[in-house]
């Protein structure tokens with residue numbers, strides 16, 4: 001299945017093609033962030049969550065996803081740990097949380113590619129269990 005990027009589309013997923021694609025304009029980014037904030041606001045407040053807009057380094061090349069220090073200190077382990085990401089279809093992806101770097105490494109690339117993430121997509125991460133996030137993708 002093809003996935004549109006802004007008003008164009010890509011026939012197949014190639015990180016180099018995606019990285020070279022025209023980045024979304026600020027109006028499109030703002031709309032996606034606003035929708036993601038609405039998704040986050042609709043989630044149960046007792047489960048911690050955060051919103052993350054995708055940048056080129058998150059979806060191509062090194063596939064590194066830095067997380068917010070405040071969220072990690074309050075909710076994630078104090079040592080490197082496997083963190084499970086669960087998509088909206090219930091499919092699980094193991095990633096590696098690196099506490100010293102405050103982000104996700106191993107496994108994040110697979111999640112990103114499987115979901116054809118591009119710059120400008122906005123993700124809502126909801127901590128549903130110890131070391132397990134439900135991830136909502138807003139485009």
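In the UniProt record's numbering, the protein residues as written are 1 to 139.
Think of the CB as a built atom: it goes at the ideal place given N, C-alpha and C, for glycine as much as any other residue.
The structure presented is a predicted model; accordingly, all values stated were derived computationally and were not measured.
Beta carbon of residue 89 nearer than 8 Å to that of residue 135: For the purposes of this step, residue 89 is taken as residue 89 along the chain shown, with counting starting at 1. For the purposes of this step, residue 135 is taken as residue 135 along the chain shown, with counting starting at 1. No.
Reference residue 111; option with closest CA among 137, 126, 78 and 51: For the purposes of this step, residue 111 is taken as residue 111 along the chain shown, with counting starting at 1. Of 137, 126, 78 and 51, the residue nearest in Cα terms is 137.
Enclosing beta strand (DSSP E) for residue 39 [first to last residue]: The residue labelled residue 39 in the question sits at position 39 within the chain shown. First-last for residue 39: 26-42, but that is the alpha helix (DSSP H), not the beta strand (DSSP E).
Extent of the continuous alpha helix (DSSP H) to which residue 137 belongs: Here residue 137 refers to the residue found at position 137 of the chain shown. Unbroken run through residue 137 is the beta strand (DSSP E), 132-138; no alpha helix (DSSP H).
Bridge partner(s) assigned by DSSP for residue 92: The residue given as residue 92 occupies position 92 in the chain shown. Answer by DSSP bridge pairing, in chain order: 86.
Spatial neighbours of residue 102 in its chain, beta-carbon cut-off 7 Å, leaving aside the 5 residues before and after: Here residue 102 refers to the residue found at position 102 when the chain shown is read from its first residue. Answer for residue 102: 66, 67, 69 and 72, listed in chain order.
Own chain, CB closer than 8 Å to residue 133, minus 5 neighbours either side, in chain order: For this step, residue 133 is matched to residue 133 along the chain shown. Same-chain partners within the cutoff: 83, 84, 85, 86, 125, 126 and 127.
Secondary structure of residue 111, DSSP reduced to three states: Taking the first residue of the chain shown as 1, we reach residue 111 at position 111. Helix.
Rounded distance between the beta-carbons of residue 32 and residue 122, thought under 8 Å: Translated into positions along the chain shown, residue 122 becomes position 122. Translated into positions along the chain shown, residue 32 becomes position 32. Residue 122 to residue 32, Cβ: 5 Å. Contact.
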